[in-house]
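**Q** In terms of the numbering used here, the sequence shown opens at residue 22 and continues consecutively.
All residues carry an ideal CB built from backbone N, CA and C; glycine is no exception.
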Amino acid sequence: MEKNNFNYYDVISENYDELHSEEQIKKYNFIKQKFNIKDDDVKILDVACGSGIIKEVFKNQNIFGIDNSKKLLEKAKKRNVKTLYYDFNIIPFPFKDKEFDYVFCVTAFHHSKNFLLLAKEFERLSDKIAVSLLKKSPSIEEQKEALKEAFKNYNYSFYDLGIDILFITENKIKK
Ligand SMILES: C[S@@+](CC[C@H](N)C(=O)[O-])C[C@H]1O[C@@H](n2cnc3c(N)ncnc32)[C@H](O)[C@@H]1O
22 MEKNNFNYYD
32 VISENYDELH
42 SEEQIKKYNF
52 IKQKFNIKDD
62 DVKILDVACG
72 SGIIKEVFKN
82 QNIFGIDNSK
92 KLLEKAKKRN
102 VKTLYYDFNI
112 IPFPFKDKEF
122 DYVFCVTAFH
132 HSKNFLLLAK
142 EFERLSDKIA
152 VSLLKKSPSI
162 EEQKEALKEA
172 FKNYNYSFYD
182 LGIDILFITE
192 NKIKK
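#1: Is residue 189 helix, strand or coil by DSSP?
#2: Let's see if you can read the secondary structure: which residues bound the alpha helix (DSSP H) around residue 32?
#3: Sorry if obvious, but does the Cβ on residue 158 come closer than 8 Å to a heavy atom of ligand 1?
#4: Compute the Euclidean distance between the alpha carbons of residue 108 and residue 88, then round it to the nearest angstrom.
#5: Can a CB atom of chain B be found closer than 9 Å to the CB of residue 35?
#6: Once the 5 residues before and after residue 171 are set aside, which same chain residues still bring their CB inside 8 Å of it?
#7: Whose C-beta lies closer than 7 Å to the C-beta of residue 160 among residues of the same chain, with five residues either side of it excluded?
#8: Should residue 155 and residue 190 be called a contact, given that it needs their Cβ atoms to be closer than 9 Å?
#9: Could you check the C-alpha separation between residue 92 and residue 181 for me, to the nearest Å?
#10: Report the CB separation of residue 84 from residue 76 in whole angstroms; it is logged as a contact under 8 Å.
#11: Pick helix, strand or coil for residue 151, following the three-state DSSP scheme.
#12: Could you compute how far the alpha carbon of residue 134 sits from the alpha carbon of residue 196?
#13: Could you tell me the boundaries of the alpha helix (DSSP H) in which residue 141 lies?
#14: Is residue 127 near ligand 1, with its Cβ less than 8 Å from a heavy atom?
#15: Where do the ends of the alpha helix (DSSP H) carrying residue 111 lie?
#16: Between which two residues does the alpha helix (DSSP H) holding residue 93 run?
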């Protein structure tokens, strides 16, 4: 979200964790439990990783994070996230097909300029996807439809997490 040449998330970066970490940790914990992720040796891309709160839950996993807030990325780097300053509207991302074991995007999908394109990009990078959608976003139905379309060859579920709705893939349907 760019406003008058400054980044909103840069401005609130000092208080981001204080304001949001408790809520965000619950979401990452839910994802970890649903995918039953126990191994350390997995590679996860966290799209719009913010300050790297993911690391509070996935302590030993290999976390790559992209975001377009430099100040939040500095915090993520301190948490040992492998960070890349990147605008997720620029597709394709600089990663190979199915490079990741998992791709997550937590409370950021509503910032996309093209939901379907971004959802398809997640599918290019992994089969195991978790996207936590902000329920109060005016475009929530459009976001859900884009995910359903991009993952029409998958079994998937939506879970009500209170503030968010979590989209999560189960498996690719064999033809
Ligand atoms: C509510 S925060 C969520 C951060 C993190 N996923 C978490 O759960 O703590 C939304 C994030 O989206 C990022 N963001 C917004 N627009 C973006 C864009 N176009 N490209 C990359 N990141 C973006 C912001 O910088 C911010 O870190």
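**A** To lay it out plainly:
#1: strand
#2: 29–32
#3: no
#4: 6 Å
#5: This model lacks chain B altogether, as it is built from one protein chain only.
#6: 137, 140, 141, 143 and 144
#7: 131
#8: no
#9: 31 Å
#10: 6 Å
#11: strand
#12: 32 Å
#13: 136–146
#14: yes
#15: That residue, residue 111, is in no alpha helix (DSSP H); it is neither H nor E in DSSP.
#16: 91–99
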